[in-house]
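Trainee: Okay, so the sequence shown: first residue is 4 according to our numbering, each after it adds one.
Glycine included, every Cβ here is placed at the ideal spot set by N, Cα and C.
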Amino acid sequence: MTQPTESSPAARPDSPAARPASPAARHSVLVLNGPNLNLLGTREPEKYGTATLGDIERLCAGAADARGLACEFVQSNHEGALIDAIHAARGSAVGIVINAGAYTHTSVAIRDAISAVQLPAVEVHITNVHAREPFRHHSYLSDVCKAVIAGAGTLGYRFAIEYLAELTQGPAV
Ligand code: CA2
């Protein structure tokens, strides 16, 4: 089973990973998962389904591979680590798929990071947040993302990868 990744990519300001790469080197999608999503498949299956984070990573890797892209996966329960990963993506990714979990509804800092890197981002939620508690109806991220996918379960991650591939690589042949 793929272990959830706590580590973010190298993010030292002077490191190669923190510098924008040449267009030819940018062939990956950053798939970012926020707090508690490491528990997927182990708790509350009635709400979040039975797929684990490892299953989601395999789903994303397959969808990306079909379009000639790779994926980089980061899961963290810490806001700063998610922000570091977004910054590092500037040098290595064509776009970002982000399920920021509960930080979606609280984090101006993650919003600012997405804005700052100027990479196309897709906000994903496994559940339909608009059919849940009112505090989940507002997202600080939606208007700085190119698209929002909510309520499609884990398939939402695949849709997000396919959309980013279309946007950045052109139509599938
Ligand atoms: O629907 C989504 O994907 C959410 O981003 C999930 C977040 C929630 O705070 C958002 O409002 C919507 C919660 C993630 C918690 O994940 C768990 C997984 C398994 C067991 C318990 C929590």
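1) In three-state terms, what does DSSP make of residue 39?
2) Roughly how many whole angstroms lie between the Cα atoms of residue 160 and residue 174?
3) For residue 140 versus residue 133, is the C-beta spacing smaller than 8 Å?
4) Assuming the contact rule is C-beta atoms closer than 8 Å, residue 107 and residue 51 should be a hit. Round their C-beta distance to whole Å, please.
5) Looking at C-beta atoms only, is the number of pairs between the segment 74-92 and the segment 112-124 that lie closer than 8 Å three or more?
6) Look at the Cβ atom of residue 77, then the Cβ atom of residue 35, and state whether they are nearer than 8 Å.
7) Beta-carbon separation of residue 125 and residue 93 under 8 Å?
8) Taking only three categories from DSSP, how would you classify residue 84?
9) If you count every other CB in all the chains shown that lies within 10 Å of the CB of residue 156, and 16 or more means buried, which is it?
10) Report the option in 66, 41 and 64 whose CA atom is closest to the CA atom of residue 54.
11) Can you name the start and end residues of the alpha helix (DSSP H) that residue 129 belongs to?
12) Smallest Cα separation from residue 64: which of 171, 48, 165 and 170?
13) Tell me, please, which residues DSSP counts as bridged to residue 76.
Mentor: Checking against the coordinates, here is how it stands:
1) coil
2) 18 Å
3) yes
4) About 15 Å; that fails the 8 Å criterion.
5) yes
6) yes
7) no
8) helix
9) exposed
10) 41
11) First-last for residue 129: undefined, no H or E at that position.
12) 165
13) 34
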